[in-house]
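A.B. asks:
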Amino acid sequence: DTEVTQTPKHLVMGMTNKKSLKCEQHMGHRAMYWYKQKAKKPPELMFVYSYEKLSINESVPSRFSPECPNSSLLNLHLHALQPEDSALYLCASSQEGLAGDEQFFGPGTRLTVL
Amino acid sequence: AQTVTQSQPEMSVQEAETVTLSCTYDTSENNYYLFWYKQPPSRQMILVIRQEAYKQQNATENRFSVNFQKAAKSFSLKISDSQLGDTAMYFCAFMMGYNNNDMRFGAGTRLTVKP
Numbered sequence: 835d836t837e838v839t840q841t842p843k844h845l846v847m848g849m850t851n852k853k854s855l856k857c858e859q860h861m862g863h864r865a866m867y868w869y870k871q872k873a874k875k876p877p878e879l880m881f882v883y884s885y886e887k888l889s890i891n892e893s894v895p896s897r898f899s900p901e902c903p904n905s906s907l908l909n910l911h912l913h914a915l916q917p918e919d920s921a922l923y924l925c926a927s928s929q930e931g932l933a934g935d936e937q938f939f940g941p942g943t944r945l946t947v948l
Numbered sequence: 058a059q060t061v062t063q064s065q066p067e068m069s070v071q072e073a074e075t076v077t078l079s080c081t082y083d084t085s086e087n088n089y090y091l092f093w094y095k096q097p098p099s100r101q102m103i104l105v106i107r108q109e110a111y112k113q114q115n116a117t118e119n120r121f122s123v124n125f126q127k128a129a130k131s132f133s134l135k136i137s138d139s140q141l142g143d144t145a146m147y148f149c150a151f152m153m154g155y156n157n158n159d160m161r162f163g164a165g166t167r168l169t170v171k172p
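Heads up: the protein sequence lines correspond to chains A and B, in order. Per our numbering, the first sequence starts with residue 835, numbered consecutively. Per our numbering, the second sequence starts with residue 58, numbered consecutively.
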């Protein structure tokens with residue numbers, strides 16, 4: 835299984851809602867990532883978990899809250915988002931989280947904040 | 058800070074022809090990795106090819122090859138015998154050799170393969 839899955843595929847939420855994005859991989863990878871991709875732009879790194887520990891938070895606003903319950907699962911909790919947070923949210927994983935490791939990407943969740 | 062520049066926002070090529078996508082980067086480091094990722098219209102990004110900076114030999118994967126010019130900080134992707142399935146956004150990416158966490162992407166080149 836060389837797949838990273840993400841649910842839901844699409845999400846529409848109001849600015850007062852609380853929602854969560856889910857990412858799962860069964861490749862035995864020990865590093866997982868959240869990226870944000872605006873339309874016609876490259877992905878931007880938000881969070882990195884390595885061996886279930888948060889190792890990078892690229893100064894992302896606190897309305898985004900990551901969680902890594904185990905090495906196969908990664909969540910992104912959303913609360914009080916702004917319309918400018920509308921984007922494609924990509925999850926990725928890599929084997930050991932070492933420099934040069936290939937990152938395997940999921941199909942993304944398209945988020946719209948009204 | 059490391060930056061990655063892709064100067065061709067859009068390109069097109071006829072099926073079966075060869076096309077080259079350009080990428081330049083800026084770094085003062087000597088140990089790093091370079092990647093080309095492909096993002097088809099369905100959006101799932103996949104790795105096309107990977108190059109380690111300390112290897113002088115250019116990486117090759119089937120129809121895909123790179124021209125890595127370390128001194129010029131250039132990393133172009135050549136696609137031979139283009140196929141309709143090659144239509145996608147192509148991102149050049151840079152990663153430091155000691156830190157896997159910070160992969161920097163270029164702005165991307167949208168490639169269309171025409172029948």
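Note that CB positions come from ideal geometry on N, CA and C, so glycine has one too. Model, not experiment: these values are computed from the prediction.
Check whether the Cβ atoms of B/Ala-164 and B/Gln-63 lie closer than 8 Å to each other.
C.D. replies: yes
A.B. asks: Anything in the segment 100 to 116 of chain B with a Cβ closer than 9 Å to a Cβ of chain A? List those residues in chain order, please.
C.D. replies: Arg-100, Gln-101, Met-102, Ile-103, Leu-104, Arg-107, Glu-109
A.B. asks: Taking any Cβ of chain A, which residues in the segment 120 to 143 of chain B have a Cβ under 9 Å from it, in chain order?
C.D. replies: none
A.B. asks: Leaving out five residues before and five after A/Ser-899 in sequence, what residues of the same chain have Cβ atoms less than 6 Å from its Cβ?
C.D. replies: Shown here for A/Ser-899: same chain residues with a beta carbon closer than 6 Å to its own, the five before and five after excluded, namely His-911 in chain order.
A.B. asks: Determine the burial state of B/Thr-166: buried for a count of at least 16 other Cβ atoms within 10 Å of its Cβ, exposed for fewer.
C.D. replies: buried
A.B. asks: Let's test the definition: count the other Cβ atoms within 10 Å of the Cβ of A/Thr-979 and tell me whether it reaches 16, buried, or not, exposed.
C.D. replies: Past the boundaries of the shown model lies residue 979 of chain A; chain A is included only from 835 to 948, so the question cannot be answered.
A.B. asks: By the three-class DSSP mapping on this structure, what secondary structure does B/Glu-109 have?
C.D. replies: strand
A.B. asks: Just to confirm my understanding: we take A/Ile-890, look at its own chain, exclude 5 residues before and 5 after, and list those with CB closer than 8 Å. What are they?
C.D. replies: Leu-879, Phe-881, Val-882
A.B. asks: Quick one: what does DSSP say A/Pro-917 is sitting in, helix, strand or coil?
C.D. replies: helix
A.B. asks: Taking the alpha-carbon of A/Lys-949 as reference, which of B/Ser-99, B/Glu-74, B/Thr-77 has the nearest alpha-carbon?
C.D. replies: Residue 949 of chain A is absent from the structure shown; chain A starts at 835 and stops at 948.
A.B. asks: Check the Cβ of A/Ser-800 against every Cβ in chain B and list those closer than 8 Å, keeping chain order.
C.D. replies: Outside the shown range of chain A, which is 835 to 948, sits residue 800 of chain A, and nothing can be said about it.
A.B. asks: Taking 8 Å as the cut-off, decide whether the C-beta atoms of B/Gln-101 and A/Pro-877 are in contact.
C.D. replies: no
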